[in-house]
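Under the numbering used here, the first residue of the sequence shown carries the number 1, and numbering increases by one thereafter. Virtual Cβ for every residue (Gly too), placed ideally from N, Cα, C.
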Amino acid sequence: LPTVSTLLHPRILVQNRGSGDGIECSVHTLPKMLLREFRHVFQDSYLKRPLPGSNDIAVGDSMDVDNAPGAASADADMDNTITATASNANSKQLELLAIPTNQKAREDLVGIGDHIEKEKDRLLNVFMALGSEMCQRIRDQGYWADFIDPCSGLPMLTQDCNKVYSEVDGMECLLNYKSYNAGFCKILTHPAWGSAVYPATIFAHCPIDVALEVVRSYPDS
Numbered sequence: 001l002p003t004v005s006t007l008l009h010p011r012i013l014v015q016n017r018g019s020g021d022g023i024e025c026s027v028h029t030l031p032k033m034l035l036r037e038f039r040h041v042f043q044d045s046y047l048k049r050p051l052p053g054s055n056d057i058a059v060g061d062s063m064d065v066d067n068a069p070g071a072a073s074a075d076a077d078m079d080n081t082i083t084a085t086a087s088n089a090n091s092k093q094l095e096l097l098a099i100p101t102n103q104k105a106r107e108d109l110v111g112i113g114d115h116i117e118k119e120k121d122r123l124l125n126v127f128m129a130l131g132s133e134m135c136q137r138i139r140d141q142g143y144w145a146d147f148i149d150p151c152s153g154l155p156m157l158t159q160d161c162n163k164v165y166s167e168v169d170g171m172e173c174l175l176n177y178k179s180y181n182a183g184f185c186k187i188l189t190h191p192a193w194g195s196a197v198y199p200a201t202i203f204a205h206c207p208i209d210v211a212l213e214v215v216r217s218y219p220d221s
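Okay, here's the thing in structure tokens:
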């Protein structure tokens, strides 16, 4: 079921027409819980991207939202700053958006073996190609975008970020997907594919219609 953050419901798309590598993709605003996680990973890097019709935006020192006193009020202040920056830089309001993707794996990825690793490599390559292209299309319009490396959990394009993003927690928050613990690992389960799923996320700071246009431009699987 869609969550309150859903702007574009999940659908299976492909990067190139005729490809068999379908990727489930949707667009969401960031709920408060995920907004805190986003800022923990990216800090204020998303504000430093030059915007159309503006000079480079200089921002102050990064805020540690996890430990700062009055974190709730700090969140509200940051939200107001984002809105003010958007209105000054562009007539379209900028939003922090998540584009979660999930691929149906040919193997149950909880298993081990060379065939599992080979399948993970295939899924990684499919996502990296799409994530890179989507981000470039958004960045070419003057907005910030980045995607998470599924292998490390770290941002691919933003430098000097060493905080790991949890794909499982993100999919639970954005899509209401379930998970279970297996030893020290948290395993995501897709409602149709079970644990044969490969999650990875793209983030953007742009007008909603820009992200929607990019995602909608890809053909159905």
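{"Item": "Contact the stretch 21 to 34 vs the stretch 92 to 106: 3+ CB pairs below 8 Å", "Value": "yes"}
{"Item": "Tyr-180 versus Asn-102 - alpha carbon distance", "Value": "17 Å"}
{"Item": "Identity of the residue in Pro-2, Asp-149, Cys-185, Gly-142 nearest Leu-130 by Cα", "Value": "Asp-149"}
{"Item": "Touching by the beta-carbon criterion (3+ pairs, under 8 Å), the stretch 115 to 127 and the stretch 211 to 221", "Value": "no"}
{"Item": "Those residues which DSSP pairs with Ile-138 across a bridge", "Value": "Beta-bridge pairing links Ile-138 to no other residue."}
{"Item": "Alpha-carbon to alpha-carbon, Thr-158 and Cys-206", "Value": "16 Å"}
{"Item": "Close beta carbons around Leu-123, own chain, < 7 Å, minus the five adjacent residues each side", "Value": "Gln-103, Ala-105, Tyr-198"}
{"Item": "Beta-carbon gap between Met-154 and Met-171 smaller than 7 Å", "Value": "This sequence places Leu at residue 154; Met is not what is there. No, these two residues do not count as a Cβ contact at 7 Å."}
{"Item": "Whole-number beta carbon distance between Cys-161 and Phe-42, since they are thought to touch under 8 Å", "Value": "6 Å"}
{"Item": "Rounded distance between the beta-carbons of Glu-107 and Ala-196, thought under 8 Å", "Value": "7 Å"}
{"Item": "Cutoff 7 Å: Cys-185 Cβ touching any chain D Cβ", "Value": "The chain inventory of the structure shown lacks chain D, comprising one protein chain alone."}
{"Item": "According to DSSP, residues forming a beta bridge with Lys-104", "Value": "Val-197"}
{"Item": "Of the residues Val-168, Lys-186, Asp-209, the one placed nearest Ala-200, counting alpha carbons only", "Value": "Val-168"}
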